[in-house]
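**Student:** Shown below is the structure under consideration.
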Amino acid sequence: MQLRKDGTMFIFLIIIFFLIILFYQHHYAINQSSIPIQYITTVTANDKFEILPDKHSSIWYRKHCFQIKESDKLAIENLVKYLNNARLSTNEICQEFVKKFDALFRLEEIYGALQISPIYLKKINKWLHNDETLIGQIKKQRIIKVYNRHTHEEMLYNYMRSQRPQSKNEQSADNYTLQMMEESKKNCDFCGNNYLSSTAEDSFGRLERSLSYTAANTFKYDRWHTLIVSRNHDTLHLTEDEIGDMFELAQTWFQKVYSIESMYTCPEMIWDAMPKSGASQVHTHLQVSLGMDIYYGNIERTRQGARHYAQINQGRNYFNDYLHIHHALDLTIPIGDAHIILHLTPVKDLEVMVLGEKLDKDFYKALHLIFRSFVDDLKEYSFSFGMYLPPM
1345 MQLRKDGTMF IFLIIIFFLI ILFYQHHYAI NQSSIPIQYI TTVTANDKFE ILPDKHSSIW
1405 YRKHCFQIKE SDKLAIENLV KYLNNARLST NEICQEFVKK FDALFRLEEI YGALQISPIY
1465 LKKINKWLHN DETLIGQIKK QRIIKVYNRH THEEMLYNYM RSQRPQSKNE QSADNYTLQM
1525 MEESKKNCDF CGNNYLSSTA EDSFGRLERS LSYTAANTFK YDRWHTLIVS RNHDTLHLTE
1585 DEIGDMFELA QTWFQKVYSI ESMYTCPEMI WDAMPKSGAS QVHTHLQVSL GMDIYYGNIE
1645 RTRQGARHYA QINQGRNYFN DYLHIHHALD LTIPIGDAHI ILHLTPVKDL EVMVLGEKLD
1705 KDFYKALHLI FRSFVDDLKE YSFSFGMYLP PM
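Going by the working numbering, the sequence shown opens with residue 1345, and the numbers climb by one from there.
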């Protein structure tokens, strides 16, 4: 499924890559409140996450469940239509998809009307380049709402928001980023051997690998909180090996801390790239922490939501069903055993999810592909990354 970047407003996230918009017919409207939730009761409890492949491709779902041509692109604004067609199908696989979708999400289609004065309409006509179709749509705007019943994330999609007038920056992002990258190298605490005298160490000392090292955060936000610092200053041009090396060192640090205080079991990572994302240092670095008992905020909410989903669906694995729904809608990119997911309820624009059973080469390759897509294709030079691993 494809979605246009500026066409979405959220309570929480939006999806990336190349987004295609199709117009939707009014007679596909649906009253979601009239559809009962059908809980799934066919699978026994499974405490350990394991990705179970779906033997049917997204093309198969497109043809047999969504009733559209194989050559047609899936579009977010037609999601209600696809679900309606799948509900009418007698195919068991299509019905299973519907049950999973309804157990995970609530889907709504609503309309918002406007009254526009003749004077203001002239200004809107300039914004919309006198497009009569768009003028008609802005007077009665169609909004798609997707709500995750278990994590409480929600997406609000309105195509007309992609037509808003946008301000332009005087300085190009390319020039600004290049200038900042070069200037920040001059007195960087993390470059070369500067870190040996300009950074703190954890109580048990410093861990090092060929491409990265640890530096205890001078201003901690938890008892066990450190930095994983790449030996490459340039966050925007990391190799796959450099990314993997940082995550391998992070896992070593988690194990070291756990061996000292085994009551700390919840590993998390944060990666803010460039000052716009909140990074205090331009030089490539991860924030890693090991928490006690629970994860931070949104991560713990997802964890508890997954537990709740399993409890009311006879042990169904939330993440597997989540993956299968997005796979059917052509919103996944498999990279070996890792899966890139352009998910339905993003919290921030251009958010992408990576789901895997473990940190390995496939996972690092998926991350590298996403970063290159951001930098090379989307010209996005600032990003925030968050990840959590299973409890120790």
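Cβ coordinates follow ideal geometry from the N, Cα and C atoms, glycine included.
To the nearest angstrom, how far is it from the Cα of Ile-1677 to the Cα of Ile-1685?
**Tutor:** The count along the sequence shown starts at 1 and reaches residue 1677 at position 333. The count along the sequence shown starts at 1 and reaches residue 1685 at position 341. Going by the C-alpha atoms only, they are around 7 Å apart.
**Student:** What is the DSSP secondary structure of Asp-1637, counted as helix, strand or coil?
**Tutor:** As a position in the sequence shown, residue 1637 is number 293, starting the count at 1. In this structure, Asp-1637 counts as coil in the three-state DSSP scheme.
**Student:** Touching or not, the segment 1441 to 1451 and the segment 1414 to 1422, by the rule of three or more beta carbon pairs under 8 Å?
**Tutor:** These segments do not touch.
**Student:** At what residues does the alpha helix (DSSP H) containing Lys-1709 begin and finish?
**Tutor:** If you number the sequence shown from 1, residue 1709 lands on position 365. Element bounds for Lys-1709: 1705 to 1716.
**Student:** Using 8 Å as the threshold, is the C-beta distance between Leu-1739 and Ile-1679 below it?
**Tutor:** Since the first residue shown for the chain is 1345 and the last is 1736, residue 1739 is missing from the structure and cannot be characterised.
**Student:** Pick helix, strand or coil for Tyr-1557, following the three-state DSSP scheme.
**Tutor:** Residue 1557 sits at position 213 when you count from the first residue of the sequence shown. Tyr-1557: strand per DSSP, three-state reduction.
**Student:** Roughly how far, in whole angstroms, is the beta-carbon of Gln-1507 from the beta-carbon of Trp-1471, given that I think they are within contact range, below 8 Å?
**Tutor:** Here residue 1507 refers to the residue found at position 163 when the sequence shown is read from its first residue. Here residue 1471 refers to the residue found at position 127 when the sequence shown is read from its first residue. 7 Å between Cβ atoms; contact.
**Student:** Starting from Gln-1485, trace the beta strand (DSSP E) both ways and give me its first and last residue.
**Tutor:** In the sequence shown, the residue the question calls residue 1485 occupies position 141. Run containing Gln-1485: 1484 to 1492, per the beta strand (DSSP E) assignment.
**Student:** Report the three-state DSSP secondary structure of Gln-1631 (helix, strand or coil).
**Tutor:** As a position in the sequence shown, residue 1631 is number 287, starting the count at 1. Note: Gln-1631 maps to strand in three-state DSSP.
**Student:** Less than 8 Å between the beta carbons of Ser-1402 and Ala-1672, yes or no?
**Tutor:** Along the sequence shown, one-based indexing puts residue 1402 at 58. Along the sequence shown, one-based indexing puts residue 1672 at 328. Yes; because the gap between Cβ atoms is below 8 Å, this pair is in contact.
**Student:** Beta-carbon within less than 6 Å of Ser-1433's beta-carbon, same chain only, minus the 5 sequence neighbours each way: which residues are those?
**Tutor:** Looking up residue 1433 in the sequence shown gives position 89. Cβ neighbours of Ser-1433 beyond the five flanking positions: Cys-1409.
**Student:** Tell me, please, which residues DSSP counts as bridged to Met-1613.
**Tutor:** As a position in the sequence shown, residue 1613 is number 269, starting the count at 1. Answer by DSSP bridge pairing, in chain order: Val-1632, Met-1731.
**Student:** May I ask whether a heavy atom of the ligand NAD can be found less than 7 Å away from the beta carbon of Met-1618?
**Tutor:** By its list of ligands, the structure shown contains no ligand whatsoever, and the ligand NAD lies outside what it can speak to.
**Student:** Among Leu-1733, Glu-1497, Glu-1584, Leu-1540, which one has its Cα closest to the Cα of Glu-1695?
**Tutor:** Against the sequence shown, residue 1695 aligns to sequence position 351. Nearest option by C-alpha distance: Glu-1497.
**Student:** Buried or exposed, going by whether 16 or more other CB atoms sit within 10 Å of the CB of Met-1618?
**Tutor:** Taking the sequence shown and counting its residues from 1, the one referred to as residue 1618 is at position 274. It is buried - the Cβ of Met-1618 has at least 16 other Cβ atoms within 10 Å.
**Student:** Between Leu-1448 and Lys-1564, what straight-line distance do the alpha-carbon atoms span, to the nearest angstrom?
**Tutor:** For the purposes of this step, residue 1448 is taken as the residue at position 104 of the sequence shown. For the purposes of this step, residue 1564 is taken as the residue at position 220 of the sequence shown. Looking at the two C-alpha atoms, the distance is approximately 36 Å.
**Student:** Could you give the residue range of the beta strand (DSSP E) that holds His-1569?
**Tutor:** As a working mapping, residue 1569 is identified with position 225 in the sequence shown. Counting along the chain, the beta strand (DSSP E) containing His-1569 begins and ends at 1569 to 1574.
**Student:** Is it true that the CB of Ala-1560 sits closer than 8 Å to the CB of Glu-1545?
**Tutor:** On the sequence shown, residue 1545 is found 201 positions in, with the first residue counted as 1. On the sequence shown, residue 1560 is found 216 positions in, with the first residue counted as 1. For Glu-1545 and Ala-1560, yes; Cβs fall inside 8 Å.
**Student:** Which same chain residues, not among the five before or five after Ser-1622, have their C-beta less than 8 Å away from its C-beta?
**Tutor:** Counted from its first residue, the sequence shown places residue 1622 at position 278. The question names Ser, yet the displayed sequence has Gly at residue 1622. Excluding positions up to five away in sequence, the list reads Asp-1616, Ser-1728.
**Student:** Does the segment 1635 to 1642 come close enough to the segment 1594 to 1613 to have 3 or more Cβ pairs within less than 8 Å?
**Tutor:** Counting Cβ pairs under 8 Å, three or more are found: they touch.
**Student:** According to DSSP, is Ile-1454 part of a helix, a strand, or is it coil?
**Tutor:** Counted from its first residue, the sequence shown places residue 1454 at position 110. Ile-1454: strand per DSSP, three-state reduction.
**Student:** Which stretch, first to last residue, makes up the alpha helix (DSSP H) that contains Leu-1675?
**Tutor:** Numbered from its first residue, the sequence shown carries residue 1675 at position 331. Taken as a continuous stretch (DSSP letters only), Leu-1675 belongs to no alpha helix (DSSP H), as it is neither H nor E.
**Student:** DSSP three-state label for Glu-1592, please.
**Tutor:** Sequence index remark: in the sequence shown, residue 1592 carries index 248 (1-based). Here Glu-1592 sits in helix by DSSP.
**Student:** According to DSSP, is His-1408 part of a helix, a strand, or is it coil?
**Tutor:** The residue you call residue 1408 lines up with position 64 of the sequence shown. Here His-1408 sits in helix by DSSP.
**Student:** Apart from the five residues just before and just after Ser-1717, which ones in its own chain have a Cβ nearer than 6 Å to its Cβ?
**Tutor:** Here residue 1717 corresponds to residue number 373 of the sequence shown, with the count starting at 1. Correct list: empty, nothing qualifies.
**Student:** In or out: Ile-1664 buried (at least 16 other Cβ within 10 Å) or exposed?
**Tutor:** Along the sequence shown, read from residue 1 onward, the residue named residue 1664 stands at position 320. A small correction: the amino acid at residue 1664 is Asn; Ile does not occupy that position in the sequence shown. Per the 10 Å Cβ criterion, buried.
**Student:** Taking Pro-1735 as the reference, which of Tyr-1602, Lys-1407, Asn-1502 has the closest Cα?
**Tutor:** For the purposes of this step, residue 1735 is taken as residue 391 along the sequence shown, with counting starting at 1. Ranking the options by Cα distance to Pro-1735, first place goes to Tyr-1602.
**Student:** Candidates Leu-1703, Phe-1707, Tyr-1653, Lys-1530: which alpha carbon is nearest Asn-1492's?
**Tutor:** Your numbering for residue 1492 matches position 148 in the sequence shown. Ranking the options by Cα distance to Asn-1492, first place goes to Tyr-1653.
**Student:** Between Met-1525 and the rest of its own chain, which residues show a CB-CB distance below 7 Å, the 5 nearest in sequence each way excluded?
**Tutor:** As a position in the sequence shown, residue 1525 is number 181, starting the count at 1. Contacts found: Asp-1578, Val-1626.
**Student:** Buried or exposed: which applies to Gln-1655, given that a residue is buried once 16 or more other Cβ atoms fall within 10 Å of its Cβ?
**Tutor:** Indexing the sequence shown from 1 puts residue 1655 at position 311. The residue is exposed, with fewer than 16 neighbouring Cβ atoms inside 10 Å.
**Student:** My assumption, with CB atoms under 8 Å, is that Ser-1556 sits in contact with Ser-1574. Please give the rounded CB distance.
**Tutor:** Here residue 1556 corresponds to residue number 212 of the sequence shown, with the count starting at 1. Here residue 1574 corresponds to residue number 230 of the sequence shown, with the count starting at 1. That belief holds up - the Cβ atoms of Ser-1556 and Ser-1574 are roughly 5 Å apart, short of 8 Å.
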